[in-house]
Amino acid sequence: MNLWQLRSQQRALLVAIEVSHPATGQRLRDLGFQPGQPVTCVQRSPMGGPRAFKISSGVYALDQELAEAIRIELEKG
Numbered sequence: 040m041n042l043w044q045l046r047s048q049q050r051a052l053l054v055a056i057e058v059s060h061p062a063t064g065q066r067l068r069d070l071g072f073q074p075g076q077p078v079t080c081v082q083r084s085p086m087g088g089p090r091a092f093k094i095s096s097g098v099y100a101l102d103q104e105l106a107e108a109i110r111i112e113l114e115k116g
């Protein structure tokens, strides 16, 4: 499952970042997108616009292409 598929207010654990450019992956890791971190979709924009995700102590807007490159696993419970 990827981050783009997360429903609003749904929580998951980040599993992996699968981007083609190493610098993009590093920037995401610098922002707190690390495997094992919980992530929550806090806002879904209409018509496929960027979505807001809370991870660590920040909220970040990601477009569809980038969010689809982030693998997640739904939290159990």
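Numbered by the working numbering, the letters in the sequence shown go through residues 40 to 116 in order.
Cβ atoms here follow ideal geometry from the backbone N, Cα and C, with glycine treated the same way.
If you're wondering where the values come from, they're calculated on a predicted model, not measured in any experiment.
Using the C-alpha atoms, what's the distance from P85 back to I111? 22 Å
Candidates L53, R46, M40 and Q65: which alpha carbon is nearest G75's? L53
Where does E57 fall in DSSP's three states? coil
DSSP three-state assignment for E104, whether helix, strand or coil: helix
Taking the CB atoms as reference points, tell me whether Q103 and G87 lie closer together than 8 Å. yes
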